[in-house]
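J.: Got a structure for you, written out below as structure tokens; questions coming shortly.
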Amino acid sequence: MSYLSDLVEKSKKARPSLSLSSKGKTEEELRSLLFTPPERAGEAEALKAEGEDALKAILSKPSPTPSSDVGAAISADVYKTTAELEEKRELELAEEQQREFEKASKKLVDSYKGVEIYQIAGDPLLFYKSDIVKPSLSERRIINTVREAATRLISIEPYEIRDPVQRKKVYLSKVLDIIDSAAADIQIPKTKREYFAEAVVREMIGFGLLDKLLEDDKLEDIMVIGENRPVYVFHRDHEMMKTNIVFYNEQDILDIIDKVARAVGRRIDRADPLLDARLPDGSRVNATIPPISIGGATLSIRKFRADPFSIIDLLNFGTINSELAAFLWLASDGMGVKPANVLIAGGTGSGKTSMLNVLCSLIPESDRVISIEDTAELQLPIQHWIRFEKRLPSLEGTGEISMAALVKNSLRMRPDRIIVGEVRGEEADTLFVAMNTGHDGSMGTIHANSAAETRVRVITPPMSVPESMLSGLDLIIVMQRIHLREKGTIRRVVEVAEVSGVLEGEAHMEVIYKWNPANDSIERTSLSSRYLQRVQDYTGMDRLEVEKELERRRDVIVEMQKKKIRAVLETSSAAKNYLLGRIGTVRAE
Ligand SMILES: Nc1ncnc2c1ncn2[C@@H]1O[C@H](COP(=O)(O)OP(=O)(O)O)[C@@H](O)[C@H]1O
Ligand SMILES: [Mg+2]
């Protein structure tokens with residue numbers, strides 16, 4: 137009691153802030169708490185600068201001095217009891233879930249650090265089991281007490297220290313201070329100081345239950361669909377799965393959503409119940425709350441891939457073969473003279489953006505690259521790169537900056553390469569103007585299932601590109617996500633097509649590479665490539681020399697594959713160096 141009242145007293149001095157532990161309050165209270173931005177103490181302003189000085193300043197700042205208030209201490213005690221009942225209920229539900237899992241007939245299909253993946257009889261989805269431990273009731277009591285104190289005493293906004301590692305360090309040291317200063321009152325054994333500090337920090341600045349999932353690099357998406365329902369994940373190898381992670385209290389989901397909103401300086405409330413944001417680490421978060429999401433708050437996280445795919449990865453996956461890899465590589469730099477204008481077509485999740493990223497990583501360093509994306513996803517190992525992302529209109533319908541406006545503007549920036557992620561509307565017209573006016577090596581992705589469908593989509597509304605302009609397009613690469621019984625989900629380039637010409641206003645397509653489903657291989661058709669002909673025209677190389685060039689590149693690729701060189705940085709610089717060497721010799725020849 138003495139410790140608790142001391143904390144409450146201290147907290148009176150501290151700034152009012154959003155209480156993370158909001159159990160036991162009425163819904164109205166919760167909403168007003170959740171959606172009221174916390175007052176910013178002066179300290180917050182001082183911390184705008186992110187350097188070491190700022191960190192030191194936080195660390196050395198003394199905690200607020202206590203004053204006495206017995207009333208607050210009593211109400212806090214009641215609050216604690218209600219919260220504990222809720223904790224108890226959640227713990228029981230979690231135990232019940234665990235018992236059900238143990239009873240089920242199941243088979244372990246995969247396991248790695250902290251994760252087990254099971255096939256459960258009768259369930260079409262696999263089950264993802266994280267080794268997350270739910271603290272016992274007595275541990276929970278300590279965590280809550282420390283967390284409440286820390287929430288009131290530490291007045292740093294999480295986004296003030298953007299580097300997550302630094303941020304965690306600062307919080308840990310502050311929370312350890314709090315634990316130590318209260319060591320006499322709350323019996324925390326010395327050996328468990330760190331355990332409790334970690335748990336508290338995770339709840340304060342992490343994403344609580346989701347942290348474990350966020351740490352798993354094999355997960356691509358994390359999906360929270362409401363309370364009392366499992367969190368779903370999309371796994372790189374096992375696709376959609378249910379997890380053993382369940383929020384038994386909607387407020388916990390709302391707390392996480394609010395944290396995200398604050399991290400990006402936005403708010404979400406009943407008037408504006410949608411949040412689409414990119415976190416500082418590059419992950420994308422979409423959150424919805426009632427009234428629009430009828431079943432309660434939802435959260436979808438598309439995780440940032442720290443290590444993007446390289447051309448060698450695509451080869452290893454079987455998405456392309458070494459011959460096609462050499463061809464696409466040549467198309468990306470065009471011997472430094474005639475890079476191909478490319479559209480990458482495919483359905484959702486077929487690997488279009490990944491393929492675009494791979495091709496862009498092979499662009500020579502001498503080119504000025506401007507990318508325009510719907511949502512910024514590209515990660516290019518390129519120095520001279522300017523990236524744009526479209527801006528949605530505000531609630532009042534103002535302030536929109538469309539893809540079309542950005543693509544148009546990019547033309548005024550003396551680009552060598554215009555890269556458009558997700559061509560959907562009017563911007564197509566500008567992209568095709570670029571392709572037809574000497575901005576060779578322009579590339580984009582488009583939602584279409586074949587080269588023929590790509591043509592139709594491009595020439596009909598809302599893109600409405602005059603069909604004659606299709607002649608500026610060199611290649612259409614068609615990607616597909618395919619489910620095979622033996623291999624599971626695979627992604628393949630199923631077609632590489634060229635616009636062979638526009639006759640009487642109609643564009644004619646020729647497929648030069650085709651995927652053969654019978655033996656899962658990519659085959660060159662007998663048709664000759666118009667793009668290679670163009671490379672000959674521009675470089676003065678003859679047919680045989682171009683063929684030799686492709687063979688050379690194929691050797692380089694196979695060599696890298698053998699040596700297990702795959703990181704995009706390495707493959708990209710190998711490709712750039714190769715080209716520098718080759719241009720020297722070709723010019724000398
Ligand atoms: N060639 C590939 N082989 C295996 N997985 C891939 C491949 N390309 C992409 N992926 C994975 O598939 C998902 C969707 O890829 P993405 O490139 O974003 O597709 P799209 O842009 O077509 O929606 C990503 O999570 C990515 O990691
Ligand atoms: Mg995409």
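Position in the sequence shown (first residue = 1) + 136 = the numbering used here.
We put the CB at the ideal spot given by N, CA and C, even for glycine.
#1: Counting C-beta neighbours from all protein chains within 10 Å, is the total for G470 16 or more, i.e. buried, or is it exposed?
#2: Quick check on this structure: which residue in G485, T590, D357 has the alpha carbon closest to the alpha carbon of H619?
#3: I'd like the list of long-range same chain contacts for G362, defined as Cβ closer than 6 Å, with 5 residues on each side in sequence excluded.
#4: Inspect the beta-carbon positions of F524 and N545 and report whether they are closer than 9 Å.
#5: Identify whether Y248 lies in helix, strand or coil by the three-state DSSP scheme.
#6: Is A541 closer than 9 Å to S604 when the C-beta atoms are compared?
#7: If you follow the beta strand (DSSP E) that N652 is in, where does it begin and where does it stop?
#8: Using the beta-carbon count (16 or more within 10 Å), is K488 buried or exposed?
#9: Tell me the DSSP secondary structure of R167 in three-state form.
#10: Check each candidate in V478, Q515, E706, I506 and name the one with the smallest Cα separation from W521.
#11: Which of the three DSSP states is assigned to I618 in this structure?
#12: Would T590 and G557 be called neighbours here (beta carbons separated by less than 9 Å)?
#13: Give me the residue from I278, M677, W651, D388 with the minimum Cα distance to L346.
#14: If you compare alpha carbons, which of V306, Q302, M377 is closest to P260?
#15: Does ligand 2 have a heavy atom nearer than 8 Å to the CB of G250?
#16: Please state the DSSP three-state secondary structure of T455.
#17: Output yes or no for whether 9 Å exceeds the beta carbon distance between I268 and N380.
#18: Give me the Cβ distance between I341 and K304, rounded to the nearest whole Å; I'm assuming they're in contact under 8 Å.
#19: Who pairs with R628 in a beta bridge, going by DSSP?
#20: Please find out if some non-hydrogen atom of ligand 2 comes closer than 8 Å to the beta-carbon of K488.
#21: Nearest to Y667 by CA position, among G608, L221, I595, is which residue?
#22: Please report how far the alpha carbon of I508 lies from the alpha carbon of L492, in whole angstroms.
#23: Taking its Cβ as the centre, do 16 or more other Cβ atoms sit within 10 Å of Q669, making it buried, or is it exposed?
#24: By the DSSP assignment, the beta strand (DSSP E) with R527 in it spans what residues?
#25: Could you have a look at K224 and say whether DSSP puts it in helix, strand or coil?
T.: On the basis of the coordinates in this document:
#1: buried
#2: G485
#3: G431, G432
#4: yes
#5: strand
#6: no
#7: 642-652
#8: buried
#9: Any answer about R167 is weak, because its pLDDT of 43 lies below 50 and its placement is not dependable; what the coordinates show is given next. R167: helix per DSSP, three-state reduction.
#10: I506
#11: strand
#12: no
#13: D388
#14: M377
#15: no
#16: coil
#17: yes
#18: 7 Å
#19: Q616
#20: yes
#21: G608
#22: 12 Å
#23: exposed
#24: Neither: R527 is in no beta strand (DSSP E) and is coded neither H nor E.
#25: helix
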